[in-house]
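For the record, the sequence lines run as chains A and B.
Per this note's numbering: the first sequence ends with 365, consecutive numbering throughout.
Per this note's numbering: the second sequence ends with 1306, consecutive numbering throughout.
The beta-carbon is built from N, C-alpha and C at its ideal position, and this holds for glycine as well.
Keep in mind the model is a prediction, meaning the values are calculated, not measured.
A quick write-up on the structure given underneath.
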Amino acid sequence: MGRAVVWLLGAAAFVVAGVTLSDYTLYLIDLVAVTAIMALGLTIVTGVAGQVSLAQAAFSAMGGYGAVLLGSGLGIPHWLGIPLAALGAAVVGYLLGLPALRLEGPYLALVTLGFTAIVQTVLIHWRTVTNGQLGLPVPPLTLGGRALTSGRELFVVVVPLAVLLFLAARRLLRSRVGRAFDALRQSEVAARVMGVNPVHYKTLAFALSAFLGGLGGGLHALLTTFLSPDSFGIIESIYFLVVIVVGGVGSVLGPVLGSALLILLPETLGAFKQYQTLVYGVLLLTFIVFAPGGLSGLVARLTWRS
Amino acid sequence: MALLSVRDLTIQFGGLRAVDGFSVDVERGRIHSLIGPNGAGKTSIINTITGLYPAMTGSVRLDGEELLGRAPHEIAGRGVTRTFQNVELFREMTALDNVLVGAHQRLRYGVLGATVRLGGAWAGERREVQRAEQILEVLGLVEDRDRKAGDLPFGKQRRLELARALASEPRLILLDEPGAGMAAAEVAGLNKVLLDLKERRGLTILLVDHVMQVVMNISDVITVLHYGKKIAEGTAESVRTHPEVIRAYLGERRSRADR
């Protein structure tokens, strides 16, 4: 009963928003949804499983470039190409997870950082495929013979997909698999002795984060309509870290709240937009020092009191 | 045949020989205690049996199957579980979730089972939640089900660790100083729980402690370890009167222990 009401209200809000909001506002909501999907991957691998990853921008590049190249090279449409590219990213993510078995904390962060740098270098220099610094235009997603280009059209695809992915992630984190991730972060020794296979779960966490990074990256490319190596560097990887810290590390709601704040805030900054990076830095420090639970932690505290 | 059979086990860290040619047989359905002063090598033995430390030589067999060389999660899968001297709970998880991690290998579903919940995946989860609640009840933690493990008082944390270990339905449970840091009344309560587990569930327990009084009343067999070597083995009475034990262990400790 209660659950049915929530679903109905959600569906109604979705329809009302889709009809009444401006195309630009819907475009911003699309951006938040897609960024949240990519950040959700980081929440799983870093926030829950405790494996610090700075590779999320690289996985997002694989999703975007992968989908475009599958389309131009093999004629695979985006609705299939984006999930395929995401699966490809997941395989790479699994392989990147292997060093995680030997490395911890800052060392693992450095390996994933190096990985992001390598992927970006390849994007710049493999000109025959990626078109180098000139970048690649992204053809629109076509469904049923219709090209979806506006913020409103993409809203219909992107937002329900994001909702489904977040519901799936919530289920996952409340299951045996999520508990294993959580256990490895909190006490690896105890987790192993309780029967958790660290090899399996660390590589699985990396693969899942790469899948979500790739999927979100593919969808993000549809919104930006253009791919350039500049958008997939180390700064962008750190940006995802800022998103989950601001949103709340380890919370499923964190990526949504963090993405919303970091995408909508610059819109209200106006003339201050040029100081965006500075604002991110200040936000990151403020949250780490004063609200380590992030926005979701603040929300939880408020609802607790009332 | 003994459930656990340790033969000529030697554990060395650099130049330090922590355990030197140690052998022991733990019979089914017994409470077997391993005692010795601090630094005698007790915890090293437990860490090696559970796959956390490598052994230099020797063998550790569970029901005839070699455990040395296997990873900790594989050994757990064969029915060996443990608690830790310094309590290694998942502090940010609820008590219930801690116990459910103990049941990790009793569940088999993966990512698809968790998200799509097709078939029997979720039926198994519900069943394990019920079992976990029963175990919490047995250990007097039922009202702490949804509290974070790190927020529980120390005595309850120790009991929760035992609950987590029991959730795997173990054949052998290794307890590393389960009474350390607990009040006398709490130790008595714990001993009652252990005796109960042995009698009703037929659980085999290998208990490690350095205070002899803790283990005297509940142990079927006591093995005394001194500087990595076994110096005596037998019932509480025979060990207590063993001359070498008195010299090596009780001689220096009795005055303090009896105070």
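Under 8 Å between C-beta atoms of residue i and residue j
i                 : j                    : result
isoleucine 1269/B : valine 1286/B        : yes
valine 302/A      : leucine 321/A        : yes
serine 1215/B     : isoleucine 1078/B    : no
isoleucine 1096/B : valine 1071/B        : no
proline 314/A     : alanine 95/A         : yes
isoleucine 293/A  : threonine 102/A      : no
leucine 286/A     : leucine 195/A        : yes
alanine 149/A     : phenylalanine 225/A  : no
valine 1261/B     : valine 1240/B        : no
glycine 125/A     : glycine 273/A        : yes
lysine 1277/B     : phenylalanine 1137/B : no
leucine 1253/B    : valine 248/A         : no
leucine 344/A     : leucine 316/A        : no
glycine 1197/B    : glutamate 1135/B     : no
valine 236/A      : glycine 1167/B       : no
serine 1091/B     : valine 1107/B        : no
leucine 207/A     : valine 311/A         : no
alanine 1210/B    : leucine 1188/B       : yes
glutamate 1175/B  : leucine 1207/B       : no
proline 1119/B    : arginine 251/A       : yes
arginine 229/A    : glycine 109/A        : no
leucine 90/A      : isoleucine 297/A     : no
Three-state secondary structure (DSSP) of residue i
i                 : result
glycine 1171/B    : helix
glycine 125/A     : helix
glutamate 1113/B  : strand
valine 1134/B     : coil
serine 112/A      : coil
arginine 1301/B   : Residue confidence is low: arginine 1301/B scores 47 on pLDDT, short of 50, so the model does not pin down where it sits. Its coordinate-derived value is still stated next. If DSSP states are grouped into helix, strand and coil, arginine 1301/B belongs with the helices.
glutamate 295/A   : helix
arginine 1306/B   : Because the pLDDT of arginine 1306/B is 40, which lies under 50, any placement of that residue in the model is unreliable, and the question is left without a value.
threonine 1270/B  : strand
glutamate 163/A   : coil
glutamate 1246/B  : helix
glutamate 1280/B  : strand
threonine 1288/B  : coil
isoleucine 1058/B : strand
isoleucine 1265/B : coil
threonine 1104/B  : strand
arginine 1153/B   : helix
serine 81/A       : coil
arginine 1077/B   : coil
isoleucine 1082/B : strand
arginine 1125/B   : coil
valine 1071/B     : strand
valine 1258/B     : coil
threonine 1097/B  : coil
Outcome for residue i when other beta-carbon atoms lying within 10 angstroms are tallied against a minimum of 16
i                    : result
arginine 1301/B      : Annotation note: pLDDT 47 at arginine 1301/B (below 50); position unreliable, no value reported.
phenylalanine 1131/B : buried
arginine 1303/B      : Annotation note: pLDDT 47 at arginine 1303/B (below 50); position unreliable, coordinate value reported separately. It counts as exposed.
phenylalanine 1201/B : exposed
isoleucine 177/A     : exposed
asparagine 1264/B    : exposed
arginine 1248/B      : exposed
asparagine 1085/B    : exposed
aspartate 1305/B     : Per-residue confidence for aspartate 1305/B stands at a pLDDT of 45, beneath the threshold of 50, marking its modelled position as unreliable; no derived number is given.
glutamate 212/A      : buried
leucine 1159/B       : exposed
methionine 253/A     : buried
histidine 184/A      : exposed
glutamate 163/A      : exposed
asparagine 1133/B    : exposed
threonine 1104/B     : exposed
tyrosine 260/A       : buried
Proximity test, residue i beta-carbon vs the ligand FAD heavy atom, cut-off 7 Å
i             : result
lysine 1195/B : With respect to the ligand FAD, the structure offers nothing, as it holds no ligand at all.
Any chain E beta carbon closer than 8 Å to residue i
i              : result
proline 1225/B : No chain E is present in this structure, whose protein chains are A and B.
- Query: Considering only residues of the segment 182-269 of chain A, which uninterrupted beta strand (DSSP E) runs meet the minimum length of 3 residues and lie entirely inside it, listed in chain order?
  - Reply: 200-202 and 205-207
request  = Closer than 7 Å, Cβ to Cβ, to anything on chain A: give me those residues from the segment 1096-1110 of chain B, in chain order.
outcome  = Thr1097 and Leu1099
Below 7 Å between beta carbons is the criterion; list the residues of the segment 1147-1161 of chain B that meet it against any residue of chain A, in chain order. Leu1147, Val1148, Gly1149, His1151, Gln1152, Leu1154, Tyr1156, Gly1157, Val1158 and Ala1161
Against chain B: residues of the segment 95-110 of chain A by CB proximity under 7 Å: none
Give, in chain order, every residue of the segment 152-179 of chain A whose Cβ lies closer than 8 Å to some Cβ of chain B. none
Exercise for the section: Anything in the segment 240-251 of chain A with a Cβ closer than 8 Å to a Cβ of chain B? List those residues in chain order, please. Expected result: Asp241, Ala242, Gln245, Ser246, Val248, Ala249, Ala250 and Arg251
Check distances from the C-beta atoms of the segment 1124-1149 of chain B to those of chain A and list, in chain order, the residues that come in under 8 Å. Taking a C-beta cut-off of 8 Å against chain A, the contacting residues of the segment 1124-1149 of chain B are Gly1124, Thr1128, Arg1129, Phe1131, Glu1135, Leu1136, Phe1137, Arg1138, Glu1139, Met1140, Asp1144, Leu1147, Val1148 and Gly1149, listed in chain order.
Check your understanding: In chain order, which beta strand (DSSP E) runs of at least 3 residues are fully inside the segment 1160-1225 of chain B?
Key -> 1219-1223
Give the residues from the segment 1204-1217 of chain B that approach chain A closer than 9 Å (Cβ to any Cβ), ordered along the chain.
-> Glu1208, Arg1211, Ala1212, Ala1214 and Ser1215
What residues from the segment 1165-1177 of chain B come within 8 Å of chain A, judged by C-beta to C-beta, listed N to C? Going along the segment 1165-1177 of chain B in chain order, one finds Glu1172 with a Cβ nearer than 8 Å to chain A.
| message | Under 7 Å, CB to CB, which of the residues in the segment 221-234 of chain A have a partner in chain B? | response | Ala227, Arg230, Leu231 and Ser234
| What alpha helix (DSSP H) runs, 4 residues minimum, are completely inside the segment 287-358 of chain A? | 293-306, 313-328 and 335-349
Exercise for the section: Compile a chain-ordered list of the residues in the segment 251-270 of chain A whose CB is closer than 8 Å to at least one CB of chain B. Expected result: Those residues of the segment 251-270 of chain A that come within reach of chain B (Cβ to Cβ, closer than 8 Å) are Arg251, Val252, Met253, Gly254, Val255, Asn256, Pro257, Leu263 and Leu267.
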